[in-house]
Amino acid sequence: MSLKQTPLNAAHRAMGAKMVDFGGWDMPVNYGSQIDEHHQVRNDCGMFDVCHMRVVDAKGAGVRAFLRYLLANNADKITLPGKALYSAMLRPEGGVIDDLIIYFMTEEWFRIVVNAGTADKDIAWMKQQAVAHAPGLTITSRDDLAMVAIQGPNARAKVWQVLPQTKAATEGLVNFQAADCGTYYIARTGYTGEDGFEVMLPKTQVEAFWYALNKVGVPPIGLGARDTLRLEAGMNLYGQDMDETINPLEAGMAWTVDLKSERDFIGKAALLANPPARKLVGLVLLDRGVLRGHQKVVTRQGEGEITSGTFSPTLEKSIALARVPNAVQIGDTVQVVIRDKMLAAQVVKYPFARNGKGLL
2 MSLKQTPLNA
12 AHRAMGAKMV
22 DFGGWDMPVN
32 YGSQIDEHHQ
42 VRNDCGMFDV
52 CHMRVVDAKG
62 AGVRAFLRYL
72 LANNADKITL
82 PGKALYSAML
92 RPEGGVIDDL
102 IIYFMTEEWF
112 RIVVNAGTAD
122 KDIAWMKQQA
132 VAHAPGLTIT
142 SRDDLAMVAI
152 QGPNARAKVW
162 QVLPQTKAAT
172 EGLVNFQAAD
182 CGTYYIARTG
192 YTGEDGFEVM
202 LPKTQVEAFW
212 YALNKVGVPP
222 IGLGARDTLR
232 LEAGMNLYGQ
242 DMDETINPLE
252 AGMAWTVDLK
262 SERDFIGKAA
272 LLANPPARKL
282 VGLVLLDRGV
292 LRGHQKVVTR
302 QGEGEITSGT
312 FSPTLEKSIA
322 LARVPNAVQI
332 GDTVQVVIRD
342 KMLAAQVVKY
352 PFARNGKGLL
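Counting along the sequence shown from 1, when you hit position 42 you're at 43 in this note's numbering, and nothing is skipped either side.
This is how it looks when you write it as structure tokens:
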């Protein structure tokens, strides 16, 4: 089966990218040194092709009430146009269908950005729930839109160089807030632990925007560095750190689940009936080696498993997120099974690095 391509596919190849199969998409893993790309974003800025993410518009009179029921986080928290909220859609049994961001546009229009690998499943689920709970609602996949993330301490200034007309509207944005700039919908969000923007724009214009950013000194960054950046920032990856079999309370996502308000939502009863027995923690390897997903973690309180692991370019140490028994504490030393050896690791509070510096 041929791989899906984003509208920037030709640009990646022209820029010398090494392309890989990423969940059925032909995507750039790096353009040279992955470690250099990582440091580029932490210290200056870089741009990411996130056109494989799906933008979905939910419109209709009952859209807020619908999202209040559909999502684990409470859509009532966002009332200012452009305000964004991170949340998860859950199965009735409490597992995570996907993590996503919703944006408040108007009382009859919310915008939703979902993950590439789960987009078709997500939209089918939303439509199925809408038929049952909000029959007048329209759920539209915005296949005409593309998305580019510009991340790093100098990211916003570079975007203003290319789009000076958007500066007035976007200069005052706080984190998790967006501005509608006509052709461009610009959000102060990202997946790296650095400042920056995610820009939604027409697919027909994305290649010109990409090259314009490159011309003012923004290099392209591949999926390899995107993964080390997000892991240092303690951000979950769907399919690794959580999925349909994992309760969000066991995936470090309790802050995205609103159990305090009276409202009901899909999966709420299951979460209340099954208090979490495990939790997500950070690990730093004390011995020589590299932490990787699915390695077994041995603790005094029982076994756990690494969900995501890598070598951290910022800390120059091996780090991981791991799901372990609740009784494990920050500061504990645990053992990780790497190639039949038991190597020592310390339990730490994540994130490991953000805003250009290590946090441990």
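Cβ coordinates follow ideal geometry from the N, Cα and C atoms, glycine included.
Notebook entry, point to check: If you draw a straight line from the C-alpha of A73 to the C-alpha of W256, how long is it?
Noted result: Position 72 of the sequence shown, counted from the start, is the residue given in the question as residue 73. Position 255 of the sequence shown, counted from the start, is the residue given in the question as residue 256. Answer to the nearest angstrom: the Cα atoms are 10 Å apart.
Check: Relative to the C-alpha of E306, which residue among L281, Y192 and A209 is closest?
Finding: As a working mapping, residue 306 is identified with position 305 in the sequence shown. When only C-alpha atoms are compared, the closest one is L281.
Next item on the list: On a CA-only basis, which of I320, E304 and R301 is nearest G310? Give me that one, please.
Entry: For the purposes of this step, residue 310 is taken as residue 309 along the sequence shown, with counting starting at 1. G310 has its Cα closest to that of I320, out of I320, E304 and R301.
Check: alpha helix (DSSP H) containing M127: first to last residue?
Finding: Numbered from 1 along the sequence shown, position 126 holds the residue referred to as residue 127. Where M127 is concerned, the enclosing alpha helix (DSSP H) stretches over A120 to H134.
Checklist line | Beta-carbon separation (whole angstroms), V299 vs T193, contact threshold 8 Å | finding: As a first step, residue 299 must be located in the sequence shown, where it is residue number 298. As a first step, residue 193 must be located in the sequence shown, where it is residue number 192. So it is not a contact: roughly 32 Å between Cβ atoms.
Notebook entry, point to check: Which same chain residues, not among the five before or five after D50, have their C-beta less than 6 Å away from its C-beta?
Noted result: Here residue 50 refers to the residue found at position 49 of the sequence shown. Cβ within range, chain order: T7 and L9.
Check: Within this structure, are the beta carbons of D196 and R231 separated by less than 9 Å?
Finding: The residue you call residue 196 lines up with position 195 of the sequence shown. The residue you call residue 231 lines up with position 230 of the sequence shown. No.
Check: Is the stretch 337–353 touching the stretch 57–68, taking contact as three or more C-beta pairs under 8 Å?
Finding: no
Note to self: I'd like to know whether the C-beta atoms of P29 and G153 end up nearer to each other than 9 Å.
What the structure shows: Taking the sequence shown and counting its residues from 1, the one referred to as residue 29 is at position 28. Taking the sequence shown and counting its residues from 1, the one referred to as residue 153 is at position 152. Not closer than 9 Å, so no.
Notebook entry, point to check: Would you say the stretch 159–175 touches the stretch 230–247, given that touching needs at least three Cβ pairs under 8 Å?
Noted result: no
Checklist line | Segment contact flag, the stretch 99–111 with the stretch 77–90, C-beta cutoff 8 Å, min 3 pairs | finding: Taking 8 Å as the limit for Cβ pairs, the verdict is that the stretch 77–90 does touch the stretch 99–111.
Next item on the list: Report the residue from K5, P165, C46 and C52 whose alpha carbon sits nearest the alpha carbon of Q206.
Entry: Taking the sequence shown and counting its residues from 1, the one referred to as residue 206 is at position 205. Ranking the options by Cα distance to Q206, first place goes to C52.
Note to self: Using a Cβ-Cβ distance cut-off of 9 Å, determine whether G47 contacts chain C.
What the structure shows: Protein chain content of the structure displayed is limited to a single chain, and chain C is not contained in it.
Next item on the list: Identify which residue in R55, R69, G83 and N31 has its Cα closest to the Cα of M266.
Entry: The count along the sequence shown starts at 1 and reaches residue 266 at position 265. Looking at the sequence itself, residue 266 is Phe, so the reference to Met does not match. Cα-wise, what sits closest to F266 is R69.
Margin query: Please tell me whether M48 and V219 are closer than 9 Å, where the distance is taken between their beta carbons.
Written below: Taking the first residue of the sequence shown as 1, we reach residue 48 at position 47. Taking the first residue of the sequence shown as 1, we reach residue 219 at position 218. Yes, they are a contact pair.
Notebook entry, point to check: With DSSP run on the structure shown, which of helix, strand or coil describes T7?
Noted result: Along the sequence shown, one-based indexing puts residue 7 at 6. In this structure, T7 counts as coil in the three-state DSSP scheme.
Check: Can you tell me the Cα-Cα spacing of R301 and N237, whole angstroms?
Finding: For the purposes of this step, residue 301 is taken as the residue at position 300 of the sequence shown. For the purposes of this step, residue 237 is taken as the residue at position 236 of the sequence shown. Near 26 Å, if we compare the C-alpha coordinates of N237 and R301.
Margin query: Suppose contacts are defined by Cβ-Cβ distances below 9 Å. Is M127 in contact with M54 by that definition?
Written below: In the sequence shown, residue 127 corresponds to position 126, counting from 1. In the sequence shown, residue 54 corresponds to position 53, counting from 1. No. Outside cutoff.
Check: In whole angstroms, what separates the C-alpha of M16 from that of H39?
Finding: Within the sequence shown, numbered from 1, the residue matching residue 16 stands at position 15. Within the sequence shown, numbered from 1, the residue matching residue 39 stands at position 38. If you take the alpha carbons of M16 and H39, they lie about 17 Å apart.
Next item on the list: With DSSP as the reference, label I103 as helix, strand or coil.
Entry: Residue numbering aside, residue 103 sits at position 102 when the sequence shown is read from its first letter. Three-state result, I103: strand.
Notebook entry, point to check: Alpha carbon to alpha carbon, what distance is there between A85 and E108?
Noted result: Numbered from its first residue, the sequence shown carries residue 108 at position 107. Numbered from its first residue, the sequence shown carries residue 85 at position 84. Distance between the alpha carbons of E108 and A85 is about 14 Å.
Next item on the list: Can you have a look at L273 and say buried or exposed, based on whether 16 or more other CB atoms are within 10 angstroms of its CB?
Entry: Here residue 273 corresponds to residue number 272 of the sequence shown, with the count starting at 1. When all chains shown are included, L273 counts as exposed.
Check: Whose CA, out of A12, G118 and K5, lies closest to the CA of E208?
Finding: Numbered from 1 along the sequence shown, position 207 holds the residue referred to as residue 208. Comparing Cα positions, the closest option is A12.
Item checked: Beta carbon of L81 nearer than 9 Å to that of K159 -> Mapped onto the sequence shown, residue 81 falls at position 80. Mapped onto the sequence shown, residue 159 falls at position 158. Taking 9 Å as the Cβ cut-off, L81 and K159 do not qualify as a contacting pair.
Check: Roughly how many angstroms lie between the CA atoms of K358 and A135, to the nearest whole one?
Finding: Looking up residue 358 in the sequence shown gives position 357. Looking up residue 135 in the sequence shown gives position 134. Approximately 46 Å, taken between the alpha carbons.
Next item on the list: Please determine, among G191, G283 and L202, the residue with the shortest C-alpha to C-alpha distance to G235.
Entry: To locate residue 235, count along the sequence shown from 1; it is residue 234. Selected option, being the one with the closest Cα: G283.
Check: Just the Cα atoms here: how many angstroms apart are A200 and L360?
Finding: Position 199 of the sequence shown holds residue 200. Position 359 of the sequence shown holds residue 360. Checking the sequence, you will find Val at residue 200 rather than Ala. Whole-angstrom Cα-Cα distance: 28 Å.
Notebook entry, point to check: In chain order, what residues of the same chain have a beta carbon less than 6 Å from the beta carbon of G290, not counting five sequence neighbours either side?
Noted result: As a position in the sequence shown, residue 290 is number 289, starting the count at 1. Contacts found: I339 and L344.
Note to self: So the candidates are V329, I103 and L146; which of them puts its Cα closest to the Cα of A76?
What the structure shows: Position 75 of the sequence shown, counting from 1, holds the residue named residue 76. Minimum Cα distance to A76 is reached at I103.
Notebook entry, point to check: Can you tell which of M20, K122 and W26 has its C-alpha closest to the C-alpha of M2?
Noted result: Here residue 2 corresponds to residue number 1 of the sequence shown, with the count starting at 1. Nearest C-alpha to M2: W26.
Item checked: Residues bridged to A150 [DSSP beta-bridge criterion] -> Along the sequence shown, read from residue 1 onward, the residue named residue 150 stands at position 149. BP columns for A150 point to F49 and E199.
Check: Under a three-way DSSP split, which group does N31 fall into?
Finding: In the sequence shown, counting from the first residue as 1, residue 31 sits at position 30. DSSP places N31 in strand when its eight states are reduced to three.
Next item on the list: With DSSP as the reference, please indicate the residues paired to I113 in a beta bridge.
Entry: Stepping through the sequence shown from its first residue, residue 113 is reached at position 112. Beta-bridge pairing links I113 to V57 and I103.
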